[in-house]
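See structure below.
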Amino acid sequence: MNVGVVVFPGSNCDHDCDYAATLAGANTRFIWHKEGSVGNVDAIILPGGFSYGDYLRCGAIAKNSPVMADVIRFASEGRPVIGICNGFQILLESGLLPGALMCNNTLRFLCRNTSLRVETTRTPFTRKYRQSQVINVPVAHHDGSYYADEHTLQYLDAHDMVVFRYQDNPNGSLGDIAGICNEKGNVLGMMPHPERVVSPELGGTDGAPLFESLLEYVVSL
Amino acid sequence: MSAQEKTVSVELAMEFGLSREEYDKILQIMGRTPTLTELGIFSVMWSEHCSYKSSRIHLKGFPTEAPWVVQGPGENAGVIDIGDDECVAFKIESHNHPSFIEPLQGAATGVGGILRDVFTMGARPIAAMNSLRFGELDNPKNRYLFSGVVKGIGWYGNCFGVPTVGGEVYFDDQYSTNPLVNAFALGYVKKDKIFLGRADGVGNPVMYVGAKTGRDGIHGATMASADFDENSEEKRPTVQVGDPFTEKLLLEACLELMQTDHIIGIQDMGAAGLTSSSFEMADRAGMGIEMWLDNIPCREEGMTPYEMMLSESQERMLMVVRQGSEDAVKAIFAKWDLDAEVVGRVTDDGRMRIIWQGQTMADLEIKPLVEAAPIYDRPYKRGAYLDEVQSFDFNTIHAPADLSDTLLRLLGSPTIASKEWVYQQYDHQVRTNTVILPGSDAALVRIKGGKKGVAMTTDCNSRFCYLNPYEGGKATVAEGARNIACSGAKPLAISDCLNFGNPQKPETMYQFVECVRGIKDACRELNIPVISGNVSLYNETSGKGAVYPTPTVSTVGLIEDIDLRLTQDFKQAGDHIFLLGA
Amino acid sequence: MLARVYVTLKNGVLDPQGKAILGSLQDLGFEDASDVRVGKYIEVQVDATSASAAKERVAQMCQKLLANTVIENYRIEVTEES
Amino acid sequence: MLARVYVTLKNGVLDPQGKAILGSLQDLGFEDASDVRVGKYIEVQVDATSASAAKERVAQMCQKLLANTVIENYRIEVTEES
Ligand SMILES: Nc1ncnc2c1ncn2[C@@H]1O[C@H](COP(=O)(O)OP(=O)(O)O)[C@@H](O)[C@H]1O
Numbered sequence: 037m038n039v040g041v042v043v044f045p046g047s048n049c050d051h052d053c054d055y056a057a058t059l060a061g062a063n064t065r066f067i068w069h070k071e072g073s074v075g076n077v078d079a080i081i082l083p084g085g086f087s088y089g090d091y092l093r094c095g096a097i098a099k100n101s102p103v104m105a106d107v108i109r110f111a112s113e114g115r116p117v118i119g120i121c122n123g124f125q126i127l128l129e130s131g132l133l134p135g136a137l138m139c140n141n142t143l144r145f146l147c148r149n150t151s152l153r154v155e156t157t158r159t160p161f162t163r164k165y166r167q168s169q170v171i172n173v174p175v176a177h178h179d180g181s182y183y184a185d186e187h188t189l190q191y192l193d194a195h196d197m198v199v200f201r202y203q204d205n206p207n208g209s210l211g212d213i214a215g216i217c218n219e220k221g222n223v224l225g226m227m228p229h230p231e232r233v234v235s236p237e238l239g240g241t242d243g244a245p246l247f248e249s250l251l252e253y254v255v256s257l
Numbered sequence: 146m147s148a149q150e151k152t153v154s155v156e157l158a159m160e161f162g163l164s165r166e167e168y169d170k171i172l173q174i175m176g177r178t179p180t181l182t183e184l185g186i187f188s189v190m191w192s193e194h195c196s197y198k199s200s201r202i203h204l205k206g207f208p209t210e211a212p213w214v215v216q217g218p219g220e221n222a223g224v225i226d227i228g229d230d231e232c233v234a235f236k237i238e239s240h241n242h243p244s245f246i247e248p249l250q251g252a253a254t255g256v257g258g259i260l261r262d263v264f265t266m267g268a269r270p271i272a273a274m275n276s277l278r279f280g281e282l283d284n285p286k287n288r289y290l291f292s293g294v295v296k297g298i299g300w301y302g303n304c305f306g307v308p309t310v311g312g313e314v315y316f317d318d319q320y321s322t323n324p325l326v327n328a329f330a331l332g333y334v335k336k337d338k339i340f341l342g343r344a345d346g347v348g349n350p351v352m353y354v355g356a357k358t359g360r361d362g363i364h365g366a367t368m369a370s371a372d373f374d375e376n377s378e379e380k381r382p383t384v385q386v387g388d389p390f391t392e393k394l395l396l397e398a399c400l401e402l403m404q405t406d407h408i409i410g411i412q413d414m415g416a417a418g419l420t421s422s423s424f425e426m427a428d429r430a431g432m433g434i435e436m437w438l439d440n441i442p443c444r445e446e447g448m449t450p451y452e453m454m455l456s457e458s459q460e461r462m463l464m465v466v467r468q469g470s471e472d473a474v475k476a477i478f479a480k481w482d483l484d485a486e487v488v489g490r491v492t493d494d495g496r497m498r499i500i501w502q503g504q505t506m507a508d509l510e511i512k513p514l515v516e517a518a519p520i521y522d523r524p525y526k527r528g529a530y531l532d533e534v535q536s537f538d539f540n541t542i543h544a545p546a547d548l549s550d551t552l553l554r555l556l557g558s559p560t561i562a563s564k565e566w567v568y569q570q571y572d573h574q575v576r577t578n579t580v581i582l583p584g585s586d587a588a589l590v591r592i593k594g595g596k597k598g599v600a601m602t603t604d605c606n607s608r609f610c611y612l613n614p615y616e617g618g619k620a621t622v623a624e625g626a627r628n629i630a631c632s633g634a635k636p637l638a639i640s641d642c643l644n645f646g647n648p649q650k651p652e653t654m655y656q657f658v659e660c661v662r663g664i665k666d667a668c669r670e671l672n673i674p675v676i677s678g679n680v681s682l683y684n685e686t687s688g689k690g691a692v693y694p695t696p697t698v699s700t701v702g703l704i705e706d707i708d709l710r711l712t713q714d715f716k717q718a719g720d721h722i723f724l725l726g727a
Numbered sequence: 254m255l256a257r258v259y260v261t262l263k264n265g266v267l268d269p270q271g272k273a274i275l276g277s278l279q280d281l282g283f284e285d286a287s288d289v290r291v292g293k294y295i296e297v298q299v300d301a302t303s304a305s306a307a308k309e310r311v312a313q314m315c316q317k318l319l320a321n322t323v324i325e326n327y328r329i330e331v332t333e334e335s
Numbered sequence: 254m255l256a257r258v259y260v261t262l263k264n265g266v267l268d269p270q271g272k273a274i275l276g277s278l279q280d281l282g283f284e285d286a287s288d289v290r291v292g293k294y295i296e297v298q299v300d301a302t303s304a305s306a307a308k309e310r311v312a313q314m315c316q317k318l319l320a321n322t323v324i325e326n327y328r329i330e331v332t333e334e335s
């Protein structure tokens with residue numbers, strides 16, 4: 037499996053995503069944001085960090101990067117795209133997922149472990165988890181409070197689009213939402229960092245099945 | 146400041162922070178009256194901050210050598226060998242005065258500066274720490290400073306993408322008129338990829354890279370060398386603003402460039418900006434530089450040579466590259482949307498010539514400016530307070546009736562209480578190397594690709610240093626070594642940041658001298674060399690007393706196998722508990 | 254020409270920052286403050302032949318970048334000064 | 254009464270945010286944009302008997318909290334609407 041990790045100026049979890057995907061057995065390559073095409077990859081990761089310094093709004097400037105048009109094309113073909121933290125913010129800004137992420141209700145950056153419930157295993161990223169499994173994955177963000185209007189929240193529920201919910205909502209997200217996918221399930225955005233818990237030295241391995249799911253999915257195609 | 150219209154005189158020199166004697170010495174060195182730009186250069190180069198004029202003679206005698214020391218004091222950061230041709234570069238530095246004026250930006254730019262110190266060495270920053278001191282939190286001003294500083298450190302480090310893995314915070318009203326903000330960074334570098342701040346090779350181009358120059362922080366270095374007084378507010382417009390995003394780009398561009406063989410030498414433009422970076426690079430190589438100010442990328446209109454030379458705008462570097470490499474360098478920086486301009490060339494006459502609009506604005510011999518900087522052996526005297534505090538009779542204290550209550554009160558005091566509120570605002574896991582998270586004795590960061598890990602801690606019991614400066618200095622080093630050892634690692638080297646009050650007061654100078662003596666003795670005894678550091682004096686507001694003597698020490702150690710690491714928490718019921726030591 | 258852009262949160266979107274500021278103001282003794290909403294104020298210098306052309310252009314900038322219309326509204330004022 | 258507060262960076266203070274936005278606008282083809290500065294826009298509802306009293310009060314709030322006067326300036330407009 038070839039995984040492309042998109043690097044925006046200011047991305048800083050790009051190497052961590054590369055590390056986690058490689059550990060799961062993928063071949064990875066970095067895709068510079070100025071490239072017009074994502075090239076020959078089977079899945080795309082938009083990593084965390086502070087693209088463009090998070091200036092204006094998190095993800096707002098990155099959504100206009102040259103590579104994003106091709107990421108949108110790739111996603112519309114039903115192929116897997118995951119945005120983690122800043123990557124989630126970019127997916128929302130670019131309209132690939134509904135809603136918005138706002139400043140944490142604590143108004144502070146928050147780096148700590150959270151406990152998540154897996155709400156659906158139908159996506160290419162969650163098939164190796166059990167339905168309703170509770171996993172520990174850290175968050176590290178300032179703007180992670182998920183917002184969508186009532187109508188959208190109902191739509192998400194009705195279409196099985198909520199993928200992870202916080203058990204201990206750390207930031208004021210509506211519906212305790214930590215991660216959502218699109219209708220098809222091939223585009224996932226989540227605030228917590230699964231790539232940070234993929235080996236025991238790092239304090240946990242609950243993030244590993246996400247990358248392994250992706251590999252299994254791609255190989256099964 | 147309309148410094149341009151000012152005529153150079155002893156009064157102006159004093160306004161710039163020089164003494165009458167120092168001005169006479171300048172006249173003697175130059176054989177003429179300096180130009181305004183020249184006077185500005187002298188004033189920052191001879192400030193306490195850049196010249197270490199009050200501390201230098203006492204810093205001599207720090208043990209600085211060991212088989213594993215690759216670079217000792219004197220460069221942007223010190224470097225030690227951790228085996229297999231792998232090295233770590235690290236340093237701690239103060240940003241006390243800027244943080245007092247504007248806590249968020251002051252602390253943020255402190256982090257930015259120390260990160261640059263590390264990556265100019267060719268090392269990718271893999272960990273940061275900080276050591277903080279504030280007045281008690283019942284005062285809203287102190288809460289404002291504390292929360293602003295923490296936010297600033299978090300903002301800059303998180304955005305840059307370095308994990309902030311440790312630090313310390315103390316609260317004591319002794320710091321309410323001058324908080325302390327010390328920032329530490331550690332980077333990883335292969336032994337054959339270390340870069341130094343040297344301007345070698347006659348004719349080689351001098352290049353300016355990074356952000357544009359504005360009027361930020363002019364006279365910041367001299368500000369860091371003076372007491373605060375009621376008028377300090379007026380110095381506010383000189384506050385520098387940080388841009389961690391640009392710094393992240395600068396890091397990536399520099400590291401990419403360092404994979405090529407275009408660079409000869411590189412240095413961060415920190416305190417005293419273009420001035421100290423160019424003088425120090427030329428001095429280390431025994432060379433001269435001709436600098437063309439018309440080529441300096443400026444952010445504002447109408448900047449004068451004086452302002453360009455003294456600006457402390459952030460996220461800038463000065464480099465010397467090989468002749469013919471200019472375009473290749475520019476191409477790499479253009480990829481990262483950064484400026485890179487040729488602003489001068491290396492000469493062999495040992496002089497700094499600064500040219501602007503066809504005129505020579507400054508023409509100075511470098512050696513005397515750097516090496517004939519004043520050195521003071523300031524008088525010191527044991528403070529009378531010491532007799533009083535040391536003769537304290539502990540028998541006058543009676544055990545409290547309710548020990549549980551006392552314990553709860555102790556645990557509830559901000560200095561002892563959990564620091565989670567602080568470190569949860571720092572991304573301490575980015576780069577997926579942090580194997581001991583904040584909250585234990587020392588942080589531990591693994592080196593990917595093997596089993597090794599680097600442990601680090603920053604410590605200082607400043608109340609102890611106040612009660613007995615010599616023993617306090619010793620204890621500080623010992624505490625750091627213990628923290629490293631308790632994590633399973635072997636302490637290898639330290640970087641120190643010596644925060645004291647006004648050195649012109651003999652009692653303060655005594656604290657300095659004695660703390661330093663204590664550090665030296667402990668380092669020698671434990672065979673832990675000092676490989677980098679920083680001195681911050683004048684940490685007091687006039688009339689309101691100085692901070693406690695605070696010689697912060699950052700200790701770095703090595704563990705060969707991270708699976709053998711130890712953390713401080715009790716692991717399971719039934720385990721035995723031992724008390725070790727005297 | 255100078256365009257002033259005011260970006261504000263839509264009605265009904267919670268504004269934690271505004272709420273926190275209101276809380277601090279009241280703690281500071283400003284009990285006469287009863288509501289605070291925080292938005293962005295952006296000044297854009299734009300080359301245009303008329304104020305209406307400038308406004309048009311800046312509206313496009315808002316749509317594409319300056320505002321997130323899922324949660325924000327924007328308002329533009331153009332002055333001839335530069 | 255509604256007070257509108259505009260908080261802007263002082264002249265000469267680096268505005269990294271404005272710089273990044275300008276770069277992005279130009280990449281998007283808005284070459285007619287030549288400068289961007291970003292500030293805050295704050296609406297404060299305040300109880301006061303007159304517009305001038307309200308303005309006075311909000312100025313105190315700016316000094317104490319809403320603006321960081323080390324690097325920022327502020328401007329206040331009061332309207333009688335509420
Ligand atoms: N207390 C100290 N202990 C050891 N080395 C020191 C100490 N203070 C300063 N140094 C060394 O002196 C050199 C100059 O320090 P400094 O002026 O702070 O560097 P910079 O150019 O980054 O501002 C550095 O190499 C530093 O490591």
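Protein chains in written order, with the numbering used here: chain F, 37 to 257; chain U, 146 to 727; chain R, 254 to 335; chain B, 254 to 335. By construction, the Cβ of each residue, glycine as well, lies at the ideal position given by its N, Cα and C atoms.
Under 8 angstroms between C-beta atoms, does residue i make it to chain F?
| i | result |
| --- | --- |
| Gln-385 (chain U) | no |
| Ile-274 (chain B) | yes |
| Gln-270 (chain B) | yes |
| Trp-191 (chain U) | no |
| Ile-324 (chain R) | yes |
| Leu-281 (chain B) | yes |
Determine the direct distance from the alpha carbon of residue j to that of residue i, and round the result to whole angstroms.
| i | j | result |
| --- | --- | --- |
| Val-299 (chain B) | Val-258 (chain B) | 12 angstroms |
| Gln-313 (chain R) | Val-260 (chain R) | 14 angstroms |
| Ser-377 (chain U) | Arg-278 (chain U) | Bear in mind that the predicted position of Ser-377 (chain U) carries a pLDDT of just 46, short of 50, making it too unreliable to give a figure here. |
| Thr-58 (chain F) | Thr-64 (chain F) | 7 angstroms |
| Glu-659 (chain U) | Ile-676 (chain U) | 20 angstroms |
| Arg-490 (chain U) | Met-436 (chain U) | 7 angstroms |
Count the other C-beta atoms from every protein chain shown that fall within 10 angstroms of the C-beta of residue i, then say buried if there are 16 or more, exposed otherwise.
| i | result |
| --- | --- |
| His-543 (chain U) | exposed |
| Trp-300 (chain U) | buried |
| Lys-205 (chain U) | exposed |
| His-721 (chain U) | exposed |
| Tyr-294 (chain B) | buried |
| Thr-178 (chain U) | exposed |
| Ala-485 (chain U) | buried |
Strictly by DSSP, which residues pair up with residue i?
| i | result |
| --- | --- |
| Leu-589 (chain U) | U:Ile-581 and U:Ala-600 |
Specify the secondary structure class of residue i as computed by DSSP and reduced to three states.
| i | result |
| --- | --- |
| Asn-303 (chain U) | helix |
| Trp-566 (chain U) | helix |
| Gln-26 (chain F) | Nothing can be reported for residue 26 (chain F), as the shown portion of chain F is limited to 37 through 257. |
| Pro-270 (chain U) | strand |
| Ser-423 (chain U) | helix |
Any Cβ of chain U within less than 8 angstroms of the Cβ of residue i?
| i | result |
| --- | --- |
| Pro-45 (chain F) | yes |
Report yes or no: is there a C-beta of chain R within less than 8 angstroms of the C-beta of residue i?
| i | result |
| --- | --- |
| Tyr-259 (chain B) | yes |
| Leu-192 (chain F) | no |
Is residue i close to chain B? Criterion is C-beta to C-beta, closer than 8 angstroms.
| i | result |
| --- | --- |
| Asp-482 (chain U) | yes |
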